[in-house]
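Number of protein chains: 2
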Amino acid sequence: MGIKIGILGYGNLGRGVECAIKQNDDMELYGVFTRRDPGSVSILTKEAGVYSKDDLLKHKDNMDVLIICGGSATDLPKMTPEYAKDFNVIDSFDTHARIPEHFANVDKAAKEGGKVAMISVGWDPGMFSLNRAYANAILPEGKDYTFWGKGVSQGHSDAIRRIEGVEDARQYTIPVDKALTAVRNGENPELGTRDKHTRECFVVAKEGADKERIRQEIVTMPNYFDEYDVTVHFISKEELERDHKGIPHGGFVIRSGVSGWNKENRHIIEYSLKLDSNPEFTSSVLIAYARAAYRMNREGMSGCKTVFDVAPAYLCRESPEYMRAHML
Amino acid sequence: MGIKIGILGYGNLGRGVECAIKQNDDMELYGVFTRRDPGSVSILTKEAGVYSKDDLLKHKDNMDVLIICGGSATDLPKMTPEYAKDFNVIDSFDTHARIPEHFANVDKAAKEGGKVAMISVGWDPGMFSLNRAYANAILPEGKDYTFWGKGVSQGHSDAIRRIEGVEDARQYTIPVDKALTAVRNGENPELGTRDKHTRECFVVAKEGADKERIRQEIVTMPNYFDEYDVTVHFISKEELERDHKGIPHGGFVIRSGVSGWNKENRHIIEYSLKLDSNPEFTSSVLIAYARAAYRMNREGMSGCKTVFDVAPAYLCRESPEYMRAHML
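If you read the sequences in order, they're chains G and X.
Residue 187 in this note's numbering is what sits at position 187 of the first sequence, and the numbering runs on without skipping anything.
Residue 1228 in this note's numbering is what sits at position 228 of the second sequence, and the numbering runs on without skipping anything.
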């Protein structure tokens, strides 16, 4: 019997989790829980059910782990503590500044219920955080750099869509090659916002809209665009559909540090991701940590955990013996 | 008071550990233990002692972790099980094929003594293994690639030095750019030995030696060179000293995998190292795992562990609260 997974919320992330379960033969999807009318939601897995979110507790004993696929702004701060009492849960909470508060709320609930709750799982926070931690532990004297992209920023795309006269838009965040190269060469550059990333926007304007005004509103938008070099392309709805449908992303975590009695030797540790689908990759990470949550809870652990608290062996399907013989 | 470290064996690796301790303010070097006459060994740390290896047990209660800096061929298979009874130990055992046997021997001893023993710590095995494990857990359907270099291979340099007429030599292993690019592009190439790495040799010939014969002996040497494209440069002793004194190394671990209901999306996870000093970087990893061994043993754990068994938080000086607030 596989580890039985429940998915709460069936958007891009929930669908990604469903696909990831199919790739892991020690897992099975028990069901999808939705705020919508369950009859209106059609899922890919024939063997699994679709249920109302309100009925979650009725299915409590049928699931080993519940993956909460909600938004960080309002859903997760409420949902994860609520369900951590009754389920081993995983979320991808990504509001960095509010992680300590979220951790405290979830930890309390998970300990009450004797469950394991893993928060902030994904790639940033997630795999990028892990790589920052490992690299800092190994090279205590050094400098961290994180670059994002090339990838679609939903937040920036949405910001453009809110401009009057814009029908649709897609914004790509692009790391600046020159900066990346300097970091890799161990030059330890001081990099401002403008030095690290550029922003490229593909905009579908409504008929008759003033494109020059739209361009000006984009490039001067505070916080989102004004501190960056920005390129704006106006394209047709058809071009947007044809060339910009995907949700790619990725990035680079680099630590440049020194060793030696007189710090005479330099080392560069680099971790990078190039992802065709941001939500599907995030989902794949969620599923690996679902396996860990299940195993850790069976060993008697409870409380809130992050990627820092999980020994890698818990994530892997392979046995410890196999891993030592073949992966070490 | 810091974590008190003992170093057994004072070659390149032992000296690297000594330097790494200096960079970590929660650690201190208690002493170096040597097979040589302690009076003949001069170390960099003024506050620490130099003792005979034979007196190790007399110092048992003065150290928290013993780092065993010996060779994998004959030293570590004997030493690590011997000392794991009395000390928390770390080694960098790197004979991949013999890891299961080494693990079993060390595990028995460490459990008897109630100590934590970490084996095969470093970068390969070590950080490369970790990255293979994480990437496989996240992308179960995919292909792994490991490239080494550009870096000095001690084994290959030694093999050249054994050829008649060779005074000294340095061999660099170099990854083939074209192969790396194909992997990064998600082409999933099938790569033979010759496709992945080239070998470049810098040789100092003895006076009057037949260079063409030496070159032939190198390029046709079974296992070491015959399956590779090899370049041989004859240089002077002075040039070798001037240009090839360092021990750089590094490499790339890449997993190319797919996600999606129909495996329609591709993801590339890449981890790479560019190291000025192979032994010093390895030592820096050893020291991070020494911190983990100390903490895990204090929590009551014992037995043999590998990098797969260690939650990242154990490696970091920072508190869990700090890590969640600033590194996640």
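Where a beta carbon is used, it is the ideal one built from N, C-alpha and C, also for glycine.
Sub-8 angstroms separation of residue i and residue j beta-carbons
{"i": "V1089(X)", "j": "I1068(X)", "result": "yes"}
{"i": "L315(G)", "j": "A1292(X)", "result": "no"}
{"i": "H233(G)", "j": "V203(G)", "result": "yes"}
{"i": "P320(G)", "j": "A313(G)", "result": "yes"}
{"i": "F1087(X)", "j": "M1118(X)", "result": "no"}
{"i": "G251(G)", "j": "T146(G)", "result": "yes"}
{"i": "P279(G)", "j": "G151(G)", "result": "no"}
{"i": "Y30(G)", "j": "G9(G)", "result": "no"}
{"i": "D168(G)", "j": "K237(G)", "result": "yes"}
{"i": "H1197(X)", "j": "I1174(X)", "result": "yes"}
{"i": "T193(G)", "j": "Y228(G)", "result": "yes"}
{"i": "V1116(X)", "j": "N1297(X)", "result": "yes"}
{"i": "K53(G)", "j": "R35(G)", "result": "yes"}
{"i": "D1107(X)", "j": "G1303(X)", "result": "yes"}
{"i": "K85(G)", "j": "E112(G)", "result": "yes"}
{"i": "I163(G)", "j": "E207(G)", "result": "no"}
{"i": "F33(G)", "j": "L56(G)", "result": "yes"}
Proximity test, Cβ basis, 8 angstroms: residue i and chain G
{"i": "I1269(X)", "result": "yes"}
{"i": "G1260(X)", "result": "yes"}
{"i": "D1023(X)", "result": "In the sequence as displayed, the identity of residue 1023(X) is Gln instead of Asp. With 8 angstroms as the cut-off, Q1023(X) counts as an interface residue toward chain G."}
{"i": "R1324(X)", "result": "yes"}
{"i": "N1265(X)", "result": "yes"}
{"i": "R1329(X)", "result": "Not covered by the structure: residue 1329(X). The range shown for chain X is 1001 to 1328."}
{"i": "F1147(X)", "result": "no"}
{"i": "A1084(X)", "result": "no"}
Chain X contact for residue i (CB, 8 angstroms cutoff)
{"i": "C19(G)", "result": "yes"}
{"i": "E280(G)", "result": "yes"}
{"i": "I174(G)", "result": "no"}
{"i": "N105(G)", "result": "no"}
{"i": "K274(G)", "result": "yes"}
{"i": "T95(G)", "result": "no"}
{"i": "N136(G)", "result": "yes"}
{"i": "A117(G)", "result": "no"}
{"i": "M27(G)", "result": "no"}
{"i": "D309(G)", "result": "yes"}
Of the residues the options, the one placed nearest residue i, counting alpha carbons only
{"i": "T1074(X)", "options": "H1059(X), I1268(X), S1092(X) and M1001(X)", "result": "S1092(X)"}
{"i": "Y1322(X)", "options": "Y30(G), E167(G), E101(G) and P38(G)", "result": "E101(G)"}
{"i": "R255(G)", "options": "G1186(X), L1240(X), T1306(X) and M1327(X)", "result": "M1327(X)"}
{"i": "N1185(X)", "options": "H1096(X), E1270(X), S1259(X) and I1163(X)", "result": "E1270(X)"}
{"i": "A110(G)", "options": "W148(G), D309(G) and K305(G)", "result": "K305(G)"}
{"i": "E1299(X)", "options": "D1195(X), G1114(X), L1056(X) and A1097(X)", "result": "G1114(X)"}
{"i": "M127(G)", "options": "S272(G), R324(G), R317(G) and D25(G)", "result": "S272(G)"}
{"i": "R242(G)", "options": "R170(G), E200(G) and V230(G)", "result": "R170(G)"}
{"i": "I160(G)", "options": "A135(G), V183(G), R199(G) and G71(G)", "result": "R199(G)"}
{"i": "E133(G)", "options": "E82(G), R317(G) and V307(G)", "result": "Per the sequence shown, residue 133(G) should be read as Ala rather than Glu. Among E82(G), R317(G) and V307(G), the Cα nearest to that of A133(G) belongs to V307(G)."}
{"i": "K1060(X)", "options": "D1226(X), V1106(X), V1183(X) and Y1083(X)", "result": "Y1083(X)"}
{"i": "T1095(X)", "options": "L1076(X), R1324(X), G1011(X) and N1105(X)", "result": "L1076(X)"}
{"i": "D26(G)", "options": "R317(G), R324(G) and A325(G)", "result": "R317(G)"}
Neighbourhood of residue i by C-beta distance below 6 angstroms, restricted to the same chain and skipping five residues each side
{"i": "L191(G)", "result": "A179"}
{"i": "N1188(X)", "result": "K1143 and S1256"}
{"i": "K274(G)", "result": "G250"}
{"i": "G1011(X)", "result": "none"}
Exposure label - residue i; buried when at least 16 CB within 10 Å
{"i": "L1286(X)", "result": "buried"}
{"i": "M1001(X)", "result": "exposed"}
{"i": "A1288(X)", "result": "buried"}
{"i": "S1120(X)", "result": "buried"}
{"i": "G70(G)", "result": "buried"}
{"i": "Q23(G)", "result": "buried"}
{"i": "P222(G)", "result": "exposed"}
{"i": "A20(G)", "result": "buried"}
{"i": "R1015(X)", "result": "buried"}
{"i": "R324(G)", "result": "buried"}
{"i": "R213(G)", "result": "exposed"}
{"i": "G39(G)", "result": "exposed"}
Cut-off 7 angstroms between Cβ atoms - residues of its own chain near residue i, not counting five sequence neighbours on either side
{"i": "L1044(X)", "result": "E1018"}
{"i": "D1037(X)", "result": "none"}
{"i": "L240(G)", "result": "D168, R170, F202 and V204"}
{"i": "R1215(X)", "result": "V1232"}
{"i": "K4(G)", "result": "E28, Y30, N62, M63 and D64"}
{"i": "D1309(X)", "result": "none"}
{"i": "T1176(X)", "result": "The sequence as given places Val at residue 1176(X); Thr does not occur at that position. Contacts found: D1195, K1196, H1197 and T1198."}
Heavy atom of the ligand GDP within 7 angstroms of residue i beta-carbon
{"i": "R298(G)", "result": "Of ligands this structure carries none, so the ligand GDP is not represented either."}
Neighbourhood of residue i by C-beta, 8 angstroms cutoff - its chain only, sequence neighbours within 5 removed
{"i": "V1258(X)", "result": "L1139, E1141, G1142, E1264, N1265, R1266 and H1267"}
{"i": "D219(G)", "result": "At residue 219(G) the sequence reads Val, which differs from the Asp that was named. Hits under 8 angstroms: F225, D226, V230 and V232."}
{"i": "L130(G)", "result": "V307 and F308"}
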